[in-house]
Structure formats: structure tokens, C-alpha cells
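> Here's a structure for you.
What follows is the structure in C-alpha cells.
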């Protein structure tokens with residue numbers, strides 16, 4: 081064994097570090113194909129230079145995996161340990177790279193490193209190995225977006241000629257999207273969805289003028305999922321004593337195991353009176369025209385989501401609560417989505433944007449420092465807003481807000497954004 085280790089070391093292969101492969105390319109994935117952990121179901125670092133037109137059907141290196149390439153105009157090649165896209169492609173998905181489908185499992189991680197100079201690049205999972213990716217990360221111009229079930233959702237800013245790492249992670253249904261690179265110093269959660277079952281890893285473009293690079297694409301065998309800071313499906317809501325979150329506001333919490341968490345966060349501080357029935361929470365009594373309920377999630381930079389069914393007035397999320405005179409709320413009033421800050425007792429409407437009300441649709445806020453993005457029913461509402469008041473930068477209390485006792489709430493879930501290094505575990509992949 082020692083002699084074998086020395087031989088491998090002379091070849092520049094280090095035991096126990098990724099990527100490691102025995103032999104090349106396709107075949108059945110499994111730990112026996114690799115010298116040491118981490119093990120991969122798919123691992124491609126594009127070791128061998130290949131001219132455009134000579135990539136399709138070749139084995140991933142060091143493997144396992146096999147490449148499926150669509151490249152009518154000969155614009156996809158391998159050189160210097162990278163996959164290169166050149167301008168002059170034919171159409172969306174041409175050129176494009178895919179691999180065989182990976183069996184879906186909660187926590188199945190796809191990691192990749194990519195950059196773009198012009199045009200559009202996408203990396204993630206696809207439903208059919210053709211055209212634009214169905215569930216992937218997308219960069220174009222100055223925009224970072226995700227494609228969730230084929231729908232593009234803007235989630236941040238991107239910069240050309242900058243290398244980004246991506247992690248797209250399967251849930252039982254849906255995905256988590258993480259990004260690291262550029263302005264994202266640490267692994268940052270940029271989006272999560274609860275629908276979709278795409279399983280084909282891929283890298284493609286939708287612009288005939290795209291120039292981009294893919295340095296690696298991997299699917300490790302070890303699953304991983306983030307756990308929320310706070311999760312509540314409102315199985316109970318005590319009105320006479322402090323109550324804790326039940327951890328059932330997200331799919332992984334209901335299933336148990338990997339990705340569960342967010343339960344036992346207490347107490348909910350209530351202004352007005354709150355109750356729960358049938359898995360929905362509502363205020364049974366208001367105080368001075370509104371009711372709030374909040375708990376300490378431990379982080380100010382978050383992605384917070386809740387499902388709202390209105391009866392009247394305003395209902396939505398309470399964010400960065402300090403006291404009754406200093407907090408942020410994001411509400412739907414039946415016509416508009418509102419982002420309102422209250423500082424020293426004075427309300428200021430930061431954003432008011434029309435958004436068609438849908439009963440039970442999800443209201444989401446992404447808060448990072450002074451930057452706030454609001455989403456409703458899986459669509460960005462308006463544009464990024466700035467709330468820079470000193471009092472509202474660091475509070476970690478978040479929860480519910482309503483002005484009507486008939487408004488009901490379900491599936492409150494709050495994740496750390498990631499600026500504090502909460503998702504450093506992804507570096508292992």
C-alpha cells in the first residue's frame with residue numbers, strides 16, 4: 081500500500097483529496113472507482129484537451145460520467161483544464177453539455193465553477209438535456225438569476241470575467257441555489273424552491289454570442305442540505321404562555337433527517353393575541369390596529385418566507401424588530417406588496433408595487449445588510465431597495481405582521497443568508 085501511495089504521489093495525485101479517479105470516464109459510479117474520499121457520482125475537470133466537435137461522447141475526467149454535447153457550429157472545446165464556449169453558437173442549448181441523469185435524492189449536490197465574458201451561461205439540473213436548463217443558475221450582463229421550473233427569477237448581481245462557484249442542491253421536490261465568488265465572499269443562499277424534479281446535470285447557453293468557461297462540474301456522493309434558523313408549520317400557538325417553533329414549516333422538517341431544524345426557537349413574543357388551528361396561524365385580537373409575533377432567529381441577514389391568505393387589511397413578514405417604534409414589515413394589502421420601515425415611531429413606505437394577490441402564495445424577503453429584495457408568488461417585486469437606518473441593520477427578531485384577524489399564515493421559514501460563513505461545509509465538495 082505504501083509503495084502504491086508513493087507511485088501515486090510521483091504522478092501528482094494526492095490521497096484523500098478531490099478530484100481523484102481510477103481510470104477514466106463513464107461507467108457505474110461508486111466508491112470503488114476512487115482512491116479516497118470525497119467520492120463522486122459525477123466528476124469532470126476537463127483534463128484532456130479536445131477540439132470543438134470532438135467532445136461529445138467522451139468520458140468525464142477523472143470520472144465517473146460521460147459527456148453529451150450538442151454543438152452544431154463547433155463552439156465548445158476543452159483546453160487547459162476548462163470547457164470553453166466561443167461566440168457563434170446556433171441556439172439555446174447549442175452549444176450545451178449534459179450528463180446522464182443522477183438519481184434524485186434530498187441533499188444531492190451539484191457543484192461547479194464557471195465564468196462568462198459575454199452572453200448567457202447556465203449551470204445546474206435539466207429536465208430533458210436540450211435548450212435552456214430547467215432548474216439552474218444563470219448569469220447574463222450584470223444579472224444573477226435562477227431558473228426554477230423554467231421560470232427566470234433575478235436574485236442578485238453578477239460581473240463578467242469573474243469566477244463563481246455554484247451549488248444547486250436537490251430537495252425531495254425543488255432545489256436550493258448557492259453562489260460563491262465576486263461580491264459573494266462566502267457561500268450564499270440565493271434561492272430555494274419547493275417544486276421540480278430535474279435530474280440531468282448540465283452547462284449551456286441561450287445566446288449565440290456567449291463566451292464562457294466551466295472549470296469543473298461535480299456531484300459528490302455525500303448528501304448535504306442546509307437547516308433553517310427558524311421553521312414553523314403552526315401546529316400549535318399558545319396564547320397564555322410562551323410557545324416554540326415546531327420545525328414543520330419546510331419539507332425537510334416534516335420529513336425529518338437531513339435539513340431538518342428550526343424547531344424549538346422560543347419564545348414567540350406576541351403583541352395582540354395569536355392562535356393556531358389546522359396548521360395555520362392568525363391573530364385573534366389586535367393591539368392598536370395590528371398584531372405581531374416574533375422570535376429571535378439569531379441572524380439579521382436572512383431569507384424569510386411565509387404563505388399568506390388574506391381576509392382584509394395587510395398581512396406579511398415582520399423583520400429586524402427592535403421595539404414597537406423600530407422594525408421593518410413586508411406586507412400584501414390585496415393590491416400591492418409593501419416594504420415599510422418604522423424608525424423612531426415614524427412609518428416610511430420604502431416600496432409599494434402592484435402584485436396580483438393569490439391565496440396561499442409565498443411572500444419572501446431577502447435581507448443582506450442594507451439591501452432588501454421582495455418576492456411574491458416566486459417573482460421579484462420591483463427592484464432591490466435600501467434600508468440603511470442604523471437601528472435596523474443588526475436586529476435578529478423576525479416573524480409575522482397583520483392588521484386583520486382573518487389573515488392566516490403558514491410555513492414560516494427563515495434561513496441564514498450565508499454572509500457569516502454558515503454554509504462553509506460546501507467547500508468540502
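In our numbering, the protein residues as written are 81 to 509.
Virtual Cβ for every residue (Gly too), placed ideally from N, Cα, C.
Computed from a predicted model, the values in this text were never measured in an experiment.
If you draw a straight line from the alpha carbon of residue 258 to that of residue 366, how long is it in whole angstroms?
Counting from 1 along the chain shown, the entry for residue 258 is found at position 178. Counting from 1 along the chain shown, the entry for residue 366 is found at position 286. So the alpha carbons of these two residues sit roughly 39 Å apart.
> Relative to the C-alpha of residue 425, which candidate in 355, 441, 435, 407 has its C-alpha closest?
Numbered from its first residue, the chain shown carries residue 425 at position 345. Checked all of 355, 441, 435, 407; the closest Cα to residue 425 is 407.
> Would residue 496 pass as a contact of residue 309 if the rule is Cβ separation under 7 Å?
The residue given as residue 496 occupies position 416 in the chain shown. The residue given as residue 309 occupies position 229 in the chain shown. Contact flag set, yes.
> Comparing C-alpha positions only, which one of 416, 354, 145, 344 sits nearest to residue 297?
Taking the chain shown and counting its residues from 1, one reaches residue 297 at position 217. Closest by alpha carbon: 145.
> How would you write the range of the alpha helix (DSSP H) that residue 332 sits in, first residue to last?
Here the question's residue 332 lines up with position 252 in the chain shown. Note, residue 332: alpha helix (DSSP H), 331-335.
> Taking all protein chains shown into account, decide if residue 293 is buried (16 or more other Cβ within 10 angstroms of its Cβ) or exposed.
Position 213 of the chain shown, counted from the first residue, corresponds to residue 293. Classification for residue 293: buried.
> Roughly how many angstroms separate the alpha carbons of residue 110 and residue 428, rounded to a whole number?
As a working mapping, residue 110 is identified with position 30 in the chain shown. As a working mapping, residue 428 is identified with position 348 in the chain shown. Because the pLDDT of residue 110 is 37, which lies under 50, any placement of that residue in the model is unreliable, and the number read from its coordinates should be weighed accordingly. Going by the C-alpha atoms only, they are around 57 Å apart.
> So residue 362 and residue 458 are in contact, right, with Cβ under 8 Å, and what is the actual spacing, rounded?
Position 282 of the chain shown, counting from 1, holds the residue named residue 362. Position 378 of the chain shown, counting from 1, holds the residue named residue 458. The pair is not a contact, with the Cβ atoms about 24 Å apart (cut-off 8 Å).
> Hey, how far is the Cα of residue 291 from the Cα of residue 166?
Counting from one through the chain shown, the residue named residue 291 turns up at place 211. Counting from one through the chain shown, the residue named residue 166 turns up at place 86. The straight-line gap from Cα to Cα measures roughly 5 Å.
> Taking the continuous beta strand (DSSP E) assigned at residue 431, which residues delimit it?
Mapped onto the chain shown, residue 431 falls at position 351. Looking at the DSSP string, the run of the beta strand (DSSP E) that includes residue 431 is 426-434.
> By Cβ distance, which residues of its chain are closer than 6 Å to residue 212, with the 5 residues on each side in sequence left out?
In the chain shown, residue 212 corresponds to position 132, counting from 1. Taken in chain order, the residues that qualify are 172, 286.
> Can the beta-carbon of residue 273 be found closer than 7 Å to that of residue 254?
Taking the first residue of the chain shown as 1, we reach residue 273 at position 193. Taking the first residue of the chain shown as 1, we reach residue 254 at position 174. A contact, by the Cβ cut-off of 7 Å.
> Measuring straight from C-alpha to C-alpha, what distance separates residue 174 and residue 506?
Taking the first residue of the chain shown as 1, we reach residue 174 at position 94. Taking the first residue of the chain shown as 1, we reach residue 506 at position 426. Each residue's Cα considered, the two are about 30 Å apart.
> Would a check of beta-carbon distances place residue 499 closer than 7 Å to chain B?
Although the question refers to chain B, the structure presented lacks it and comprises just one protein chain.
> Starting from residue 168, follow the beta strand (DSSP E) in both directions and report where the run begins and ends.
Counted from its first residue, the chain shown places residue 168 at position 88. No beta strand (DSSP E) contains residue 168, which DSSP labels as neither H nor E.
> Taking the beta strand (DSSP E) that residue 451 falls in, what are its first and last residues?
If you number the chain shown from 1, residue 451 lands on position 371. Note, residue 451: beta strand (DSSP E), 451-456.
> So residue 222 and residue 237 are in contact, right, with Cβ under 8 Å, and what is the actual spacing, rounded?
As a working mapping, residue 222 is identified with position 142 in the chain shown. As a working mapping, residue 237 is identified with position 157 in the chain shown. That pair is a contact at about 6 Å.
> Under three-state DSSP, which class holds residue 469?
Walking along the chain shown from the start, residue 469 turns up at place 389. It is coil, neither helix nor strand.
> Quick check on this structure: which residue in 289, 440, 489, 472 has the alpha carbon closest to the alpha carbon of residue 170?
The residue given as residue 170 occupies position 90 in the chain shown. Comparing Cα positions, the closest option is 289.
> Distance, Cα to Cα, residue 155 vs residue 226?
Here residue 155 refers to the residue found at position 75 when the chain shown is read from its first residue. Here residue 226 refers to the residue found at position 146 when the chain shown is read from its first residue. Their backbone Cα atoms lie some 24 Å apart in a straight line.
> Evaluate the contact criterion for the stretch 341-352 versus the stretch 411-419: three or more CB pairs, one atom per stretch, below 8 Å.
Contact fails: fewer than three Cβ-Cβ distances are below 8 Å.
> For residue 346 and residue 489, which I take to be in contact (beta-carbon distance under 8 Å), what is that distance rounded to the nearest angstrom?
Here residue 346 is taken as the residue at index 266 of the chain shown, counted from 1. Here residue 489 is taken as the residue at index 409 of the chain shown, counted from 1. No, residue 346 and residue 489 are not in contact; Cβ-Cβ is about 17 Å, not under 8 Å.
> Can you tell me whether DSSP reads residue 504 as helix, strand or coil?
Locating residue 504 in the chain shown gives position 424, counting from the first residue. Of the three classes helix, strand and coil, the one that applies to residue 504 here is helix, per DSSP.
> Rank 245, 219, 190 by C-alpha distance to the C-alpha of residue 278 and give the top, closest one.
Counting from one through the chain shown, the residue named residue 278 turns up at place 198. When only C-alpha atoms are compared, the closest one is 190.
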